[in-house]
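Working notes for the structure below.
Number of protein chains: 4
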Amino acid sequence: MSRCIAILNGGGDCPGLNGVIRAVVRAAVLQRGWRVLGIEDGFDGLVEGPRCRELDIRAVRGILPRGGTILGTSNRGNPFRYPLTDSDGNISLCDVSQRVVDNFHRLGADALVAVGGDGTLKIARRLSHLGMPMVGVPKTIDNDLRETDVTFGYNTAVGIVTEALDRLQTTAESHHRVMVVEVMGRDAGWIALESGIAGSAEVILLPEIPFDLDLVCEHIMRRRQAGSRFSIVVVAEGAFPRGGGKVVQATAEQTHGLERLGGIGHFVAGEIERRKGLETRVVVLGHTQRGGTPSPFDRILASRFGVQAVELIEKHEYGTMVALRGRNVVSIPIEHAVNGQNLVDPAGNLAWTAEQLGIHLGR
Amino acid sequence: MSRCIAILNGGGDCPGLNGVIRAVVRAAVLQRGWRVLGIEDGFDGLVEGPRCRELDIRAVRGILPRGGTILGTSNRGNPFRYPLTDSDGNISLCDVSQRVVDNFHRLGADALVAVGGDGTLKIARRLSHLGMPMVGVPKTIDNDLRETDVTFGYNTAVGIVTEALDRLQTTAESHHRVMVVEVMGRDAGWIALESGIAGSAEVILLPEIPFDLDLVCEHIMRRRQAGSRFSIVVVAEGAFPRGGGKVVQATAEQTHGLERLGGIGHFVAGEIERRKGLETRVVVLGHTQRGGTPSPFDRILASRFGVQAVELIEKHEYGTMVALRGRNVVSIPIEHAVNGQNLVDPAGNLAWTAEQLGIHLGR
Amino acid sequence: MSRCIAILNGGGDCPGLNGVIRAVVRAAVLQRGWRVLGIEDGFDGLVEGPRCRELDIRAVRGILPRGGTILGTSNRGNPFRYPLTDSDGNISLCDVSQRVVDNFHRLGADALVAVGGDGTLKIARRLSHLGMPMVGVPKTIDNDLRETDVTFGYNTAVGIVTEALDRLQTTAESHHRVMVVEVMGRDAGWIALESGIAGSAEVILLPEIPFDLDLVCEHIMRRRQAGSRFSIVVVAEGAFPRGGGKVVQATAEQTHGLERLGGIGHFVAGEIERRKGLETRVVVLGHTQRGGTPSPFDRILASRFGVQAVELIEKHEYGTMVALRGRNVVSIPIEHAVNGQNLVDPAGNLAWTAEQLGIHLGR
Amino acid sequence: MSRCIAILNGGGDCPGLNGVIRAVVRAAVLQRGWRVLGIEDGFDGLVEGPRCRELDIRAVRGILPRGGTILGTSNRGNPFRYPLTDSDGNISLCDVSQRVVDNFHRLGADALVAVGGDGTLKIARRLSHLGMPMVGVPKTIDNDLRETDVTFGYNTAVGIVTEALDRLQTTAESHHRVMVVEVMGRDAGWIALESGIAGSAEVILLPEIPFDLDLVCEHIMRRRQAGSRFSIVVVAEGAFPRGGGKVVQATAEQTHGLERLGGIGHFVAGEIERRKGLETRVVVLGHTQRGGTPSPFDRILASRFGVQAVELIEKHEYGTMVALRGRNVVSIPIEHAVNGQNLVDPAGNLAWTAEQLGIHLGR
């Protein structure tokens, strides 16, 4: 029986989103003769309008290697707390979930594929409870989702940061400087840790391990005395100095000020310069980390996830989420997806590997 | 207690070998104060000489992003069937394994890390039976080893092929041609399959699925009729046409002749041209696939394997091999490593994913 | 006064074509309020139809980094010798240039920008003589056009080949082999020569210097004796062995046979193997060399050419072609563009540079 | 007659330095049988010691694709104003040029190749006046040297920035933000201008064109109203706001404060945010721009310069500098090299091209 699938992206963009969309369309249209509707700008497109367009084979041609998403992502986002403006011009957060349900039915779609991170999957879970036939596809560039070994986007981001570290290696030597590289990762330090290992960093600072700048400075000075002429320090944007009581207070204030100064990277660089008189330079890779063409790994994973989502719809297995476990793509209850974050284990194998390689983790 | 580790590479080179060497050195020298000896040119360096050099921290500086191996790999290779020339100039294959054991002991090393593929691991197993304290590190660019989810080198190779396919996509459209790309994979078609999916190929031919050229040609003609102006066909070097009885015989002869014509890629292209009158072009990526800087994924995996190998030596867990399982690096008996090959399952999830995406697998 | 420009691409595709189209549109539409019509599939689109579409700012958004061309290029091409089928089904080459002129006027366009190589520019010259207001933009991936220091596409191609050679360098060493890499260049050996220098080749064979395989083999053997374990030989597809009288005859036949064997690369490899018993491997980069994202150099040059073409139209300077001279974009009579080819001078500075670096040029 | 050449690098590092060193060694040793001495750490290595090492063919093997320099560059640098510490621990700047001359002669070298930028070439000129047989090779990543069309390093830097801009393009769209990218260029805005054109920036701010933030903000708002959801602003590190009298004064102070805030990029972003309430993000590419493997263009140019330097020595043409003019490598009196800087001409063809493409230059 012919069916109709709707698909949307939620949250920040991420290399691989187009791969999911393309795979859903090809598996649904080519293999099953179904229709696919692309919702524009995430849940916003279901609250308003609905705004969507038909996605045929031609619409997804050539998009696998492209970053971003042809559908756009949420601007305001959460239909359970959606910002609406009343007649007096005041904005209040309203539950418009029923409007989403109604609009979805008005589209005539049989199922909705929601591609997104923690926030989007939580919304998908609640909409599922309201009776909507949902299938989730996990997305997070930070690799902070549980229940899937990894998702697309993360591999690409690690590649971009590693490439930047490679470049710094060849130049740093002749400059006798400390290079501080600030990378993504508010809660989870995976990008910093993996790219730091791959890019031969000397120091990696993670949100999961509050750092001690005295130890970091000592490590850098020891390297100098051992004849090394430069150091590369990778700092996750969510990393923060260790401290208790008043120090935390002070740090919080500092942080506020420092955000305006360009973030934790500048803070760390400034402190190393202040304490040890070493010349430092800061690199802030920012959004370059979430752009560009997805790596083959991410394209394949995104394609597998998209195809699997269609398979789940065919089997009426709603309320589920696709996930990678070892070499297999599996489906799990969407309930499980959003229980806590996947953080770097300070006592785990990867952190241990880093320290075995002689990398200092700020502790 | 201070110890001494020897390390060697066997078989073809592969991006990530230097990462293993570096990780072994850093984990052994920096963290434990041990010594590391690098054996040159694989087992050859233990048969002759021994030829080796001390690897200190300086010796492995800057090698993580470099392809190839600073140690060289085996030329003649197998100490159980080693080619020796007698006084009359005749070459015969001799068992020189005792010489390897003796030379190893003469080095004063406590353990030997053997990094290699199927062949090297089998040798390591036999040497282990002779009482040598062995730890294996699996290596295969083709991803054809069992017992580890994946090894280093493969991810880089898929990246290189995908990049080539990306380039062909943009140019193929204006040329109305069939582009045939021959890639590595004698027994296992993983590189062809994964890079074909990532690079949006229309047809992928694998050693695991004997192909039917009539079906392939039909698929290409259907695409033409549907308005597509070009087709990209990825062929693993070990792919071969389906056939039985006499046809197989004929094929074997054909294959022999065709190897001299440039391999299976030229055969497939020639047949498509002959049968359908379509203009074809052949790309043979050859050894570019095993060269160049390892991907971050491969660098991290190589580093984890190297560090884990040192850990196994510290615990005297000899006769073992490191392996990746899901997110974890584990150790397994080296016996298990070499039981059969990891081939693409024609009925498995990845082949199914490809077909769901509309890719033709020649069947 | 508002005007209307038509633009078309002729000949093979080339990275940078989209950059010219985009620059023409932005300079014409944004800066002057003109209209731009994109002719589809080169001169074919003017012979038939005319087939064209309006190009506004949105139509060229995001195309600068994309290879290929959004307009397609000529299939049959030359309106002065255009293949037409009569009622009996016979194909004959006819002069349909008047139809091109008529169709062009029917479009209501004031000028035609023809982007292409030698063939396209010759057609542009003849159409110019028929009174059509033409501006030419030179395009050649082989760098074989005179009158412009270089055009877009070539820099990208050199980059792709060099990257492949880099990869071979790291892997070749452990394989003790001769790697033969066949690259583009039927008449002009620029790609082979420049990428060979950049990629540290040991031997480079060009169409401009008929090669002596004995000398090549000697050079390779000398390297071996000096301790070098491998050699990389770059061969332009148009390179051919030196010979006179009967030998040339034989060679011509050989060549014909060899084309079916996979081209000159396989011939050279086979000969080295046959004469010296060295193991060889062949890499045929083929169309990967003209695909993919244009290099920044090519994007900038394409953009400058496109903008300059619009400027020439504004000034009614028809019958001209844009060109790069040193740091400047200039305009020259289209007559001058097509006088002979830009070939590598065997006695020139670049060939001399290669030989000074110890590279063997087959002579 | 056998000769001996010394070579040193001065100033900051730059992709291509190793290419010059390699070319000098190969042209001198392989072709002429001369010797080459590599001076370590620039002029420092001639003041102290001398510190140098023999460079044979093996020493330069494999270095062409590597960034940085195997020789190191100057730390303190100028022998005419060299920081020396007296017995009381006071540092004073002394003329130690005679020591350089003496040390050079003690090496037994016949000529000195000095590879460097403006500063290094000025020193080379003065040493030339003292009778030292000097040949200069120009180096500048910023492209700010006159008398050569371009030097190596610059092309690589433009490539790195363009790649970052490409990545931002795909991600920026879904984030509705203004992305500010700070790039190298204290005095000359070439990197900002060329990479901005190649990377489809909307605004480019250069040291040569003091910018008016009101105009920049207006341009960004106009784009928004025209439906564009994001803007990319490229800022050279030496760009500064337009102003007169007191304003300049204030700006100078601001600049000082802002440097501590992370440079001009953060200033521009902060101002756009403050004035228009737009969300902004800053990317600071820093030293990633001068690292990594040199582009083929830079490798070839570096090789040509190195070979030409040896040729000049063979002809005893001292006091000269190599340079690129159009397609030719020429030699010019070193006197001419250091007359003023090569800056972007605000009225020139490239700035005009940018504006024709609709890029705003802040004026």
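Residue numbers (full-length UniProt numbering), protein chains in the order written: chain B, 1 to 363; chain Z, 1 to 363; chain C, 1 to 363; chain F, 1 to 363.
Backbone N, C-alpha and C define an ideal beta-carbon position, used for all residues, glycine too.
Every value quoted in this text rests on a predicted model; they were computed, and no experiment measured them.
(request) Give the straight-line distance between the Cα atoms of B/Gly10 and B/Asn18, rounded to the nearest whole angstrom. (result) 13 Å
(request) Compute the Euclidean distance between the alpha carbons of B/Pro241 and F/Leu84, then round it to the nearest angstrom. (result) 39 Å
(request) Give the residues of chain B in contact with F/Gly283, contact being defined as C-beta atoms less than 8 Å apart. (result) Note that residue 283 of chain F is Val in the sequence shown, not Gly. Here the neighbours are Val284, Leu285, Gly286, His287, Thr288.
(message) Would F/Arg275 pass as an interface residue toward chain B - the criterion being a Cβ-Cβ separation below 8 Å?
(response) no
(message) I'd like to confirm the pairing. Which residues does DSSP put opposite C/Tyr82 in its beta bridges?
(response) C/Cys94
(message) Let's test the definition: count the other Cβ atoms within 10 Å of the Cβ of C/Lys246 and tell me whether it reaches 16, buried, or not, exposed.
(response) Residue confidence for C/Lys246 is low, a pLDDT of 31 falling below 50, so the modelled location carries little weight; the figure read from the coordinates is stated next. It is exposed - the Cβ of C/Lys246 has fewer than 16 other Cβ atoms within 10 Å.
(request) Pull up the distance between the alpha-carbon of B/Arg44 and that of B/Cys94, whole angstroms please. (result) Looking at the sequence shown, residue 44 of chain B is not Arg but Asp. Using only the alpha carbons, I get a separation of about 13 Å.
(message) Just to confirm, is the Cβ distance from F/His158 to C/Pro15 under 8 Å?
(response) The identity of residue 158 of chain F in the sequence shown is Val, whereas the question assumes His. Their beta carbons are not under 8 Å apart, which means F/Val158 does not touch C/Pro15 by this criterion.
(message) Given this structure, state the Cα-to-Cα distance separating C/Glu335 from C/Thr73, to the nearest angstrom.
(response) 23 Å
(request) Would you please verify whether the beta carbon of C/Ile197 is less than 8 Å from any beta carbon of chain F? (result) yes
(message) Am I right that C/Glu279 and C/Arg177 are in contact with their C-beta atoms under 8 Å? What's the rounded C-beta distance?
(response) 5 Å
(request) Please confirm whether B/Val60 and B/Arg32 have their CB atoms less than 8 Å apart. (result) no
(message) Less than 8 Å between C-beta atoms, sequence neighbours within five positions excluded: which residues of the same chain meet that for C/Gly340?
(response) Arg146
(request) Pull out every residue of the region 291-307 of chain B whose Cβ sits closer than 8 Å to any Cβ of chain Z, in chain order. (result) Thr293, Ser295, Pro296, Phe297, Arg299, Ile300, Ser303, Arg304, Val307
(request) Closer than 7 Å by beta-carbon distance: list the chain F residues that pair up with C/Pro65, in chain order. (result) Asp166
(request) Give every residue of the same chain whose Cβ lies closer than 7 Å to the Cβ of Z/Gly358, excluding the five residues on either side of it in the sequence, and list them in chain order. (result) none
(message) Three Cβ pairs or more, each shorter than 8 Å: is that satisfied between the region 341-349 of chain Z and the region 339-355 of chain B?
(response) no
(message) So if I threshold CB-CB distances at 7 Å, which residues from the region 135-149 of chain B count as touching chain Z?
(response) Asp149
(request) Sort Z/Gly131, Z/Ile264, Z/Glu314, Z/Leu324 by Cα distance to Z/Val137 and report the nearest one. (result) Z/Leu324
(request) Can you give me the Cβ contacts of B/Arg53 inside the same chain, cut-off strictly under 8 Å, excluding the 5 residues immediately before and after it? (result) Leu37, Gly38, Glu40, Ala59
(message) Let me see if you follow: with CB-CB separation under 8 Å, is Z/Gln356 close to chain B or not?
(response) yes
(message) With a threshold of 7 Å on Cβ separation, who are the neighbours of B/Arg99 within its own chain once the five nearest residues in sequence on each side are excluded?
(response) Val47
(request) Have a look at the DSSP bridge pairing and note the partners of B/Leu145. (result) B/Gln341
(request) Report the neighbours of C/Ile160 on chain Z: residues whose CB is nearer than 8 Å to its CB, in chain order. (result) Arg167
(request) Determine the closest residue to B/Phe152 out of B/Asp298, B/Gln169, B/Leu312, B/Glu182, with distance taken between C-alpha atoms. (result) B/Asp298
(message) Please return the same chain residues whose Cβ sits closer than 7 Å to the Cβ of F/Lys238, not counting the five positions on each side in sequence.
(response) Reading the sequence as shown, one finds Gly at residue 238 of chain F and not Lys. Excluding residues within five positions, the ones whose Cβ falls inside 7 Å are Gly185, Arg186, Asp187, Pro207.
(request) Measure the Cβ-Cβ separation of Z/Val203 and Z/Gly362 and say whether it is below 8 Å. (result) yes
(message) Cβ closer than 8 Å: which chain Z residues qualify as neighbours of B/Glu194?
(response) Pro296, Ile300
(request) For B/Asn328, write down the residues that DSSP places opposite it in a beta bridge. (result) B/Arg325
(request) Would you decide whether C/His316 is buried or exposed? Buried here means 16 or more other CB atoms lie within 10 Å of its CB. (result) exposed
(request) Go ahead and label B/His360 buried or exposed: buried means 16 or more other beta carbons lie within 10 angstroms of its beta carbon, across all protein chains shown. (result) buried
(request) Could you check the C-alpha separation between B/Ile5 and B/Leu213 for me, to the nearest Å? (result) 52 Å
(request) Would you check whether the ligand PLP has a heavy atom nearer than 7 Å to the C-beta of F/Ala114? (result) Only the bare structure without any ligand can be found here, which leaves the ligand PLP out of the picture.
(request) Out of Z/Met221, Z/Val307, Z/Lys139, point me to the one whose CA is closest to Z/Gly68's CA. (result) Z/Lys139
(request) Taking all protein chains shown into account, decide if B/Ile91 is buried (16 or more other Cβ within 10 angstroms of its Cβ) or exposed. (result) exposed
(request) Could you check the C-alpha separation between B/Ile220 and B/Thr353 for me, to the nearest Å? (result) 19 Å
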